[in-house]
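Heads up: the sequence shown is residues 2 to 423, going by this note's numbering. For glycine and all other residues, C-beta sits at the position ideal for the given N, C-alpha and C. Accompanying notes for the structure given below.
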Amino acid sequence: MKKIACVSAVVTALLGGAPGHAETVLAVSYGLPSSYKTTQEEIAKRFEAEHPGVRIDLRAPLATYDDVVNELLKSRLTGGAPDIAFVGLSHVSLVAERGLAVPLDRYVQDQGGWQALGYYPPILSLGTVAGRQYGVPFAISFPVLHVNVNLVRRAGGSIEAFPSDWNGITELGQKISALDPKLTGFTFQYEAGGNWTLQALIRGAGGRMEGPGGCGVGFDTPQGRSALETLQLFHDRGMPAMLWQQVLQAFSAGTIGISAASSASTVRNEAQINAFEYRTLPFPITSADGKLPAGGTMLVVTTPDPEKQKAAWDFVKFATGPAAQTIMAQNAGYLPVSQQAVDDPALLGSFYKSHPNQAAALTQIGKLTNWYMWPGPNGLKISSVIQDHVDAIVTGKAGAADTMPRLTAAVASLLPPCKAAK
């Protein structure tokens, strides 16, 4: 028996499986495979090549960011949580409050602080909750205007004199629609998850979703009412209630003139459009102090194992570093979080010079703010309730003036009680 054990140990050593060299496996959960699958696979492969002894187990991708968070919540009861998750930027408060994410501050300090990691300065605030860093953004998107230049010119407009407000944009859209019954002049991605584009209208006008100190409802204001009136304007000027998947197909087919939608669509559009001139323009910000909520995804470390946490942090650094961010931006079309990658001509510097459509959203990064998520156990439900009211306005079933009081009351009834000020 001793001889057999000895031979077995020698064979094990020759095969690279000697005790003390066990492989660390990091299970990674992410959503939106149509945007990220190729990128995730390439980054995982490169990370493994540079970090021998660590294997990335990419789980089958989930459909949405919400699904990733729901999987994390369920895993608290059933087990099987991933070690790292790519959650929506709006979800960081939820995963922090529920104890699903590990604070990363100590790893950052060991690294020499955030400055040493080369991110855009506003980026890290998106992953901060109560003064602690729970996530690091991976991919950023802003809403932008996708423009069929040929149709704009046929309607008497131009890129050089393109309107800068919603009134002018929708008027131009009406002129495009009048060219041919088969054409749609203007669309707006009204059904974006987490009320992202509604937040863009409110924040772009200088308003907020939440009340003072993060307590209660804060959108029953002139800025919030203006946002709902803008949605009604879209309907009144002929915008059809098209889902974003339908818009993507119709725009690339050349039957939509102007589409206000995620900048992440740019790569797909550039790959599919060859029958007309395609441009992107910045999303209208209607107030001097207006902001735009950053869409996209961030990495959170979820494993409670201290040794795995170290390896997971290495993956977070790599995935948000210059090389991986170059892969992400070129493949997925989202904005990078690494300023080092953008400043380096060998990475994204020259890329953006030759891809001005993808650079359009990058010009607004100084206007970046958080994608808000409502607190408490009803956070996801509140987003759904808000979406129902948005749908009603866009489809003409309700008006902006009547919707605001009903919407405010509905959201307030689902929020947790405000904490007393100290």
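Determine the extent of the alpha helix (DSSP H) in which residue i is found, giving its start and end residues.
| i | result |
| --- | --- |
| ILE141 | Unbroken run through ILE141 is the beta strand (DSSP E), 137–142; no alpha helix (DSSP H). |
| MET405 | 401–415 |
| ILE286 | No alpha helix (DSSP H) contains ILE286, which DSSP labels as neither H nor E. |
| GLY205 | 197–205 |
| GLY380 | 380–395 |
| GLY225 | 223–237 |
| ILE44 | 34–51 |
| SER76 | 66–79 |
| GLY326 | Note on identity: in this sequence residue 326 is Gln, with Gly being the wrong assignment. GLN326 -> alpha helix (DSSP H) spans 323–333. |
| ASP306 | Here ASP306 belongs to no alpha helix (DSSP H), and DSSP marks it neither H nor E. |
| ALA360 | 357–360 |
| GLU98 | 93–98 |
Assuming residue i contacts residue j (C-beta within less than 8 Å), just tell me the rounded distance between them.
| i | j | result |
| --- | --- | --- |
| ASN270 | SER288 | The Cβ separation is near 29 Å, so there is no contact. |
| ILE44 | ALA333 | Their Cβ separation, rounded to whole angstroms, is 11 Å, which puts ILE44 and ALA333 out of contact at 8 Å. |
| VAL57 | GLU49 | At residue 57 the sequence reads Ile, which differs from the Val that was named. Contact holds; Cβ gap of about 6 Å. |
| SER384 | GLY195 | 5 Å |
| PRO62 | PRO34 | 4 Å |
| MET329 | VAL93 | That belief does not hold up - the Cβ atoms of MET329 and VAL93 are roughly 19 Å apart, past 8 Å. |
What's the C-alpha gap between residue i and residue j?
| i | j | result |
| --- | --- | --- |
| GLN246 | PRO283 | 21 Å |
| ASP345 | SER351 | 8 Å |
| LEU95 | ASP181 | 47 Å |
| LEU408 | MET243 | 23 Å |
| THR188 | ILE394 | 14 Å |
| ILE203 | VAL26 | 43 Å |
| LEU349 | LEU78 | 43 Å |
| GLU98 | THR40 | 29 Å |
| GLY186 | GLY214 | 41 Å |
| ALA413 | ASN168 | 31 Å |
| ALA411 | GLU308 | 45 Å |
| GLU211 | GLY219 | 4 Å |
| ASP403 | LYS318 | 48 Å |
| GLY18 | LYS311 | Here the model assigns GLY18 a pLDDT of 42, short of 50, so the residue's position is not dependable and the matter cannot be decided. |
| ALA1 | THR171 | Nothing can be reported for residue 1: it is not among the residues displayed for the chain, which extend from 2 to 423. |
| ASN71 | LYS176 | 44 Å |
| PHE87 | ALA201 | 22 Å |
| GLN365 | SER91 | 19 Å |
| MET240 | VAL137 | 37 Å |
| GLN359 | ALA23 | 43 Å |
| LYS382 | GLN250 | 30 Å |
| VAL268 | ALA361 | 12 Å |
On the DSSP letters alone, give me the boundaries of the beta strand (DSSP E) that residue i sits inside.
| i | result |
| --- | --- |
| ASP58 | 55–59 |
| THR281 | 279–283 |
| THR185 | 185–189 |
| VAL29 | 25–30 |
| GLY169 | From DSSP, GLY169 is part of no beta strand (DSSP E) but of the alpha helix (DSSP H) over 167–178. |
| THR267 | No beta strand (DSSP E) contains THR267, which is instead part of the alpha helix (DSSP H) from 267–273. |
| MET299 | 296–302 |
| VAL88 | 85–89 |
| ALA261 | 257–263 |
Taking 7 Å as the limit between beta carbons, can you name the residues of its chain near residue i, skipping five residues before and five after?
| i | result |
| --- | --- |
| CYS419 | CYS216 and GLY217 |
| SER36 | ALA265 and ALA333 |
| LEU101 | LEU73 and THR303 |
| GLN326 | PRO337, VAL338, SER339 and ALA342 |
| ALA206 | GLN224, SER227, ALA228, THR287, SER288 and GLY291 |
| ALA313 | LEU27, ASP84, ILE85, VAL302 and THR304 |
| LYS38 | PRO62 |
| VAL69 | SER30, TYR31, GLY32, LEU63, ALA86, PHE87 and VAL88 |
| GLY380 | LEU95 and MET374 |
Who are the Cβ neighbours of residue i in its own chain at under 6 Å, not counting the five residues just before and after it?
| i | result |
| --- | --- |
| GLN341 | GLY119 and PRO323 |
| GLY158 | LEU173 |
| LEU105 | GLN134 |
| GLY397 | HIS236 |
| ILE387 | ASN196 |
Sorted by chain position, which residues of the same chain lie with C-beta nearer than 8 Å to residue i's C-beta, five sequence neighbours on each side aside?
| i | result |
| --- | --- |
| GLY377 | LEU415, LEU416 and PRO417 |
| TYR191 | THR198, LEU199, LEU232, PHE235, ALA242, VAL391, ASP392 and VAL395 |
| LEU363 | LEU336, VAL343 and TYR353 |
| MET405 | ASP221, GLY225, ARG226 and LEU229 |
| GLY400 | GLN233 and ILE394 |
| ASP166 | PRO285 and THR287 |
| ALA248 | A small correction: the amino acid at residue 248 is Val; Ala does not occupy that position in the sequence shown. Here the set comprises THR188, GLN190, ILE257, SER260 and ALA262. |
| VAL109 | TRP115, LEU118 and GLN134 |
| LEU184 | LEU152, ILE177, SER178, THR256, ILE257 and GLY258 |
Query raised in the report: Is it a yes or a no for the stretch 138–150 touching the stretch 276–287, going by three-plus beta-carbon pairs under 8 Å?
Result: yes
Query raised in the report: Are the stretch 154–174 and the stretch 119–132 touching by the rule of at least three beta carbon pairs closer than 8 Å?
Result: no
Query raised in the report: Is there contact here, the stretch 370–389 with the stretch 292–305, by at least three beta-carbon pairs under 8 Å?
Result: yes
Query raised in the report: Counting Cβ pairs, one atom from each stretch, are 3 or more of them under 8 Å apart for the stretch 80–94 and the stretch 302–311?
Result: yes
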